[in-house]
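K.L.:
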Amino acid sequence: MTLNRTHNPFSLFLYLVPMKKIIIFDVDGVITDSGQNKEDIIQEILEENNLFQIPWVSEVFGIGLNRILLLDKIYQLHQFDKEHVLWEINRRLSVQESQVQLIPETIEFIKKYHREYDFFTNTSLPKRSLTMIVQNLWLSEYFMEFLAYDDGSKKENIEYVMQVYNSPAKNIIFIDDKQSHIDAVKNTDVHTLLFINDGVSLDQKISHFLKQS
66 MTLNRTHNPF
76 SLFLYLVPMK
86 KIIIFDVDGV
96 ITDSGQNKED
106 IIQEILEENN
116 LFQIPWVSEV
126 FGIGLNRILL
136 LDKIYQLHQF
146 DKEHVLWEIN
156 RRLSVQESQV
166 QLIPETIEFI
176 KKYHREYDFF
186 TNTSLPKRSL
196 TMIVQNLWLS
206 EYFMEFLAYD
216 DGSKKENIEY
226 VMQVYNSPAK
236 NIIFIDDKQS
246 HIDAVKNTDV
256 HTLLFINDGV
266 SLDQKISHFL
276 KQS
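Residue numbers (this note's numbering): 66 to 278.
(1) Of the choices N236, D263, I133, whose alpha-carbon is the least far from that of H273?
(2) Could you tell me the distance, in whole angstroms, from the CA atom of R180 to the CA atom of I119?
(3) Do you know whose CA, among F185, D216, F184, lies nearest R193's CA?
(4) Residue ranges of each alpha helix (DSSP H) run of no fewer than 4 residues wholly in the stretch 94–161, ordered along the chain?
(5) Tell me whether G94 is buried or exposed, calling it buried when 16 or more other Cβ atoms sit within 10 Å of its Cβ.
(6) Going straight from the alpha carbon of I154 to that of I87, what length do you get?
(7) For M66 and F208, I'd like the C-alpha separation in whole angstroms.
(8) Run through DSSP, which three-state label would I87 get?
(9) Please name the residue, chosen from V122, W203, I271, that lies closest to E104 on a Cα-to-Cα basis.
(10) Is V226 buried or exposed, if buried means 16 or more other CB atoms sit within 10 Å of its CB?
(11) Which residue's Cα is closest to the Cα of I261: Y178, D242, E173, W152?
(12) How many whole angstroms separate the CB atoms of V255 and F239, which I take to be in contact at a CB cut-off of 8 Å?
(13) Cutting at 6 Å between CB atoms, please list the residues of its own chain near Y182, excluding the five before and the five after it.
(14) By the 10 Å Cβ neighbour count, where 16 or more other Cβ atoms means buried, how is S232 classified, buried or exposed?
(15) Measuring alpha carbon to alpha carbon, tell me which residue in K251, I107, L195 is nearest E224.
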């Protein structure tokens with residue numbers, strides 16, 4: 066298992082083994098619950114730096130843009146200390162993620178089915194925060210790869226998994242708690258689930274995907 070996005074050295078052999086279904090999880094809101102919404106934290110920092118008031122920003126905010134891409138686009142319209150703003154975003158998110166709670170239904174599913182399906186993360190968290198969560202919660206043994214926003218957008222990370230692991234869209238489901246993130250990967254044609262932390266088992270929520278041939 067790896068916390069770095071690297072080309073799978075065994076990808077050529079994947080043609081020779083039975084293809085497992087792939088389940089790709091967002092982290093905060095699906096595997097863990099850190100409380101305050103990440104987008105609220107980012108919006109607060111943008112407001113503190115007088116950036117959220119720019120009309121374009123308020124219109125597109127929350128559609129699932131990679132935060133680096135978002136800041137780059139803002140910088141094209143209005144120059145600011147981009148490195149400092151990104152540092153502050155990552156700092157506050159790291160503090161938030163250090164106090165996470167597990168979502169029992171997801172953890173139970175992961176531990177029960179990690180040998181039957183291939184698991185990946187696809188999160189807008191920075192890699193550093195993701196690594197800390199994985200290590201602190203002892204989750205590394207259950208996943209093939211841990212993809213974060215440093216690796217690409219939600220859509221790019223799914224396309225990476227499809228290509229490197231030679232998996233068609235019909236064999237993949239992406240689980241996220243934000244409709245904007247679900248919408249952002251629509252063109253990949255993978256299955257999706259808008260996750261709600263309501264105590265219903267994940268088996269039931271994605272039973273249609275697990276049962277299909």
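Every residue, glycine too, gets a C-beta built ideally from N, C-alpha and C.
P.N.:
Let me lay it out:
(1) N236
(2) 48 Å
(3) D216
(4) 103–113, 120–125, 132–142
(5) buried
(6) 31 Å
(7) Legend: pLDDT at M66 = 45, less than 50; position of this residue unreliable, no value from coordinates given.
(8) strand
(9) V122
(10) buried
(11) D242
(12) 5 Å
(13) K85, K86, I88
(14) buried
(15) K251
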